[in-house]
Structures are given as C-alpha cells and as structure tokens.
Ligand code: FES
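Numbering (the numbering used here), first residue to last: 1 to 119.
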C-alpha cells in the first residue's frame, strides 16, 4: 500500500487527482468511504480529472462516457463529443470499435489520518 493523500484532502463531492510514479489516480469520498480509480478512460485512455463529477459518477470530458467511482462500472458509453451533443452514428464512429469497459479500481485503506492505495 502506498500513501496518496491525507484523509482530509479527500472530500465528498470532489475528485482528488494525484500521481504515483507514472500512474494517475482519482479519489473521492462517497458515504464516508474513500474510493480510488486509475485516471484513464477505458475508451481511449484519456485522463478524466477535468471531467464532471456528481459526487459518485465521473463523466469523461472527451466523449461523455460515465463511470461509477465506487466500482468502476461503466454507466454510459461514448455519448457526445467534447460535451457537445452528437448523432448516434457519429458516436458509433468515435467508439472506434471499443466496447464498454469498467475503470480500474484500487483497494483503499484509510489509517491514522492518511489514505493508502494498493497499486
Ligand atoms: S476518451 Fe473517454 S469517452 Fe472517449
């Protein structure tokens, strides 16, 4: 397990972005529990730290795929282009044959005021 943040840096309703070695992570607190995912959209591998976050669901800023930070589950796959509505056929083209896939989640431990993840 590697320390990634102080506990009070991970707040409900906000994404906390950090990097360990070359791995970028996103963390947040949902219902008091800290969750962590690899910050790499499973569509084209783009970072999602500038995407929208509603307190549990991350929306990729590039093509609108949505993921649950608690379990990485994909909730919506390629639904727009840079936040602009696009016809279904255009979204299909942008998928580039990629199938919906969940984000990689990490085991998190909170101890003595610090947050650790298992990379
Ligand atoms: S890179 Fe995230 S939806 Fe395309």
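Glycine is no exception: its CB is placed at the ideal position from the N, C-alpha and C atoms. All figures in this text were calculated on a predicted structure; none of them were measured in a lab.
In summary, residue 89 is exposed, with fewer than 16 beta-carbon neighbours lying within 10 Å of its beta-carbon over all protein chains present. By the neighbour-count criterion, in which 16 or more other beta carbons inside 10 Å mark a residue as buried, residue 97 falls on the exposed side. Assigned with DSSP and collapsed to three states, residue 48 falls in coil, not helix or strand. Here the residues close to the ligand FES, judged by CB distance below 5 Å to any of its heavy atoms, are 41, 43, 44, 46, 60, 62, 63, 65 in chain order. When only Cα atoms are considered, residue 100 and residue 113 end up about 36 Å apart.
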